[in-house]
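Following the working numbering, the numbering of the sequence shown begins with 15 at its first residue and continues without gaps.
Each residue gets a CB set at the ideal place from its N, CA and C atoms; glycine is no exception.
All values reported here derive from a predicted model rather than from experimental measurement.
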Amino acid sequence: MTATTPHTRSIPADWRDFFALTKPRVMSLVIFTGLCGLLAAPGAIHPVIGFTAVLCIALGAGGAATLNQWWEADLDAGMKRTARRPLPSGRLNRTDARDFGIALSVGSVLLMGLAVNWLAAAILFFSIIYYAVIYTIWLKPRTPQNIVIGGGAGAFPPMIGWVAVTGDVTLMPVILFAIIFFWTPPHFWALALFVQSDYAKVGIPMMPVVKGERSTRRQILVYSLLLLPLALAPWLIGGTGLLYGIAAAVLTAVFVALSLPVAFRTAVADDRMLPEKRLFGYSVLYLFALFAALVADRMAQTQGWLG
Numbered sequence: 015m016t017a018t019t020p021h022t023r024s025i026p027a028d029w030r031d032f033f034a035l036t037k038p039r040v041m042s043l044v045i046f047t048g049l050c051g052l053l054a055a056p057g058a059i060h061p062v063i064g065f066t067a068v069l070c071i072a073l074g075a076g077g078a079a080t081l082n083q084w085w086e087a088d089l090d091a092g093m094k095r096t097a098r099r100p101l102p103s104g105r106l107n108r109t110d111a112r113d114f115g116i117a118l119s120v121g122s123v124l125l126m127g128l129a130v131n132w133l134a135a136a137i138l139f140f141s142i143i144y145y146a147v148i149y150t151i152w153l154k155p156r157t158p159q160n161i162v163i164g165g166g167a168g169a170f171p172p173m174i175g176w177v178a179v180t181g182d183v184t185l186m187p188v189i190l191f192a193i194i195f196f197w198t199p200p201h202f203w204a205l206a207l208f209v210q211s212d213y214a215k216v217g218i219p220m221m222p223v224v225k226g227e228r229s230t231r232r233q234i235l236v237y238s239l240l241l242l243p244l245a246l247a248p249w250l251i252g253g254t255g256l257l258y259g260i261a262a263a264v265l266t267a268v269f270v271a272l273s274l275p276v277a278f279r280t281a282v283a284d285d286r287m288l289p290e291k292r293l294f295g296y297s298v299l300y301l302f303a304l305f306a307a308l309v310a311d312r313m314a315q316t317q318g319w320l321g
């Protein structure tokens, strides 16, 4: 532990500091995709059980995020983007954060297993370990492929939601996992391009820092192009209707179009309208809209709205 990370609280902590440890902005996307996986799955689930499953996904994601911040408190203190978080700012101590993260993680897995099913609980457990240990402790400080491999951590929620309903893993939830897995690199590298100085300062080997901007920009385009057939795959295999197919084609075409100026940009002249920022902003909207289309298509087929 370095001198930049306080050992004790300098300001009394309250519930908002603990809530901030769960990374609520990130958790909102996790909850949404998990809910969409649950709603799009074939079959029925009791509303109370369904709510419990989504709650467990939220608690597990919050626990993993808390353990991530507990481990990276020193690094967060050295980056402008994260220095105001509860741990580096001194509003919480690391022991409290660690215990809170463990409690959320263990509680979410046990509740999922007891109230929903143990396969969903096992996948939730693995997703927590994947993010808190494999990504945070092992991959992130060691390889510029940290985001590529670590993207699996955020790709599990729709699979967990699906398995909560069906009790098994089929091709559709695997495709939903793959969509988020391949979405993560262009989404995160777009952010990393305009905050790379933070990562360089604390020695995190993010792709722009280690391989340079040119390589990162080209890889953003490659992953964006790979996203197109993956996004269409649920429709191509007959798992969804035309409503989803059209939405996926349009949304992903815009994603690719926004990645083009990022991929071929050689100079940064105007910080106010960076293509990277536009791509990053759209990438969040993209995932919300794509999974919303998945649920809308499922409801349309179930209710017979499209004949």
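Q.
Let's see if you can read the secondary structure: which residues bound the alpha helix (DSSP H) around ALA33?
A. The sequence given here has Phe at residue 33, not Ala. 29-35 is the extent of the alpha helix (DSSP H) around PHE33.
Q: Could you say which of TRP249, ILE218 and THR198 lies nearest to VAL239 if we only look at CA atoms?
A: A small correction: the amino acid at residue 239 is Leu; Val does not occupy that position in the sequence shown. It is THR198.
Q | Own chain residues within Cβ distance below 7 Å of LYS225, not counting five before or after | A | PRO158
Q: Please classify MET93: does DSSP put it in a helix, a strand, or coil?
A: coil
(Q) I believe TRP176 touches GLY51 by the beta-carbon criterion, under 8 Å. Please report the beta-carbon distance rounded to the nearest angstrom. (A) 4 Å
Q. If you follow the alpha helix (DSSP H) that THR80 is part of, which residue opens it and which one closes it?
A. 61-85
Q) Mind checking PRO56: buried by the 16 CB within 10 Å criterion, or exposed? A) exposed
Q | Inter-residue spacing [alpha-carbon to alpha-carbon] between VAL68 and ASN131 | A | 13 Å
Q) Can you tell which of SER273, LEU304 and SER122 has its C-alpha closest to the C-alpha of GLY259? A) LEU304
Q) Under the three-state reduction of DSSP, which class applies to ASP88: helix, strand or coil? A) helix
Q.
Between ASP212 and LYS37, how many whole angstroms is the CB-CB distance? I'm expecting something under 8 Å.
A. Going by Cβ atoms, the distance from ASP212 to LYS37 rounds to 17 Å, so no, they are not a contact pair.
Q) Based on Cα-Cα distance, which residue from GLY252, ILE234 and GLY76 lies nearest to SER297? A) ILE234
Q.
Going by DSSP in three states, MET287 sits in which element: helix, strand or coil?
A. Here MET287 scores only 49 on pLDDT, less than 50, and its place in the model is too uncertain to base an answer on.
Q | GLY217 versus ASP88, TYR145, TYR144 and SER141, residue with shortest Cα-Cα distance | A | ASP88
Q | Backbone CA spacing between THR316 and PRO102 [nearest angstrom] | A | 49 Å
Q | Other residues of its chain near LEU49: CB distance less than 7 Å, five sequence neighbours each side excluded | A | VAL68 and GLY175
Q.
Can you give me the C-alpha to C-alpha distance between ASP182 and LEU53, rounded to a whole angstrom?
A. 15 Å
Q: Please determine if the region 73-81 and the region 103-122 are in contact, where contact requires at least 3 C-beta pairs separated by less than 8 Å.
A: yes
Q | Proximity to ALA306 [Cα-Cα], best of LEU257, VAL276, LEU133 and PHE269 | A | LEU257
Q | Pick from ASP110, ALA75 and GLU86 that is closest to ASP28, judged by C-alpha positions | A | ASP110
Q) If you draw a straight line from the C-alpha of LEU288 to the C-alpha of TYR300, how long is it? A) 18 Å
(Q) Once the 5 residues before and after PRO155 are set aside, which same chain residues still bring their CB inside 8 Å of it? (A) GLY217, ILE218 and PRO219
Q) Alpha carbon to alpha carbon, how far is LEU118 from LEU241? A) 33 Å
Q. Going by beta carbon distance, what residues of the same chain come within less than 6 Å of LEU125, once the five residues before and after it are set aside?
A. CYS70
Q: Identify, in the order they occur along the chain, each residue of the same chain with its Cβ nearer than 6 Å to the Cβ of PRO322, setting aside the five sequence neighbours on each side.
A: Examination of residue 322 is not possible in this model, given that the chain is present from 15 through 321 alone.
**Q.** Range covered by the alpha helix (DSSP H) that runs through GLN233
**A.** 227-250
Q. How many Å lie between TYR144 and ALA261 at the Cα?
A. 31 Å
**Q.** Residue burial classification, PHE202 (beta-carbon count within 10 angstroms, cutoff 16)
**A.** buried
(Q) Assuming PHE208 and GLU290 are in contact, meaning their beta carbons sit under 8 Å apart, how far apart are those beta carbons, in whole angstroms? (A) 5 Å
Q) Taking the C-alpha atoms as reference points, what is the distance between PRO61 and LEU128? A) 16 Å
Q.
With H, G and I counted as helix, E and B as strand and the rest as coil, what does DSSP make of MET41?
A. helix
**Q.** Spatial distance of ALA206 from GLY164 (CA atoms)
**A.** 15 Å
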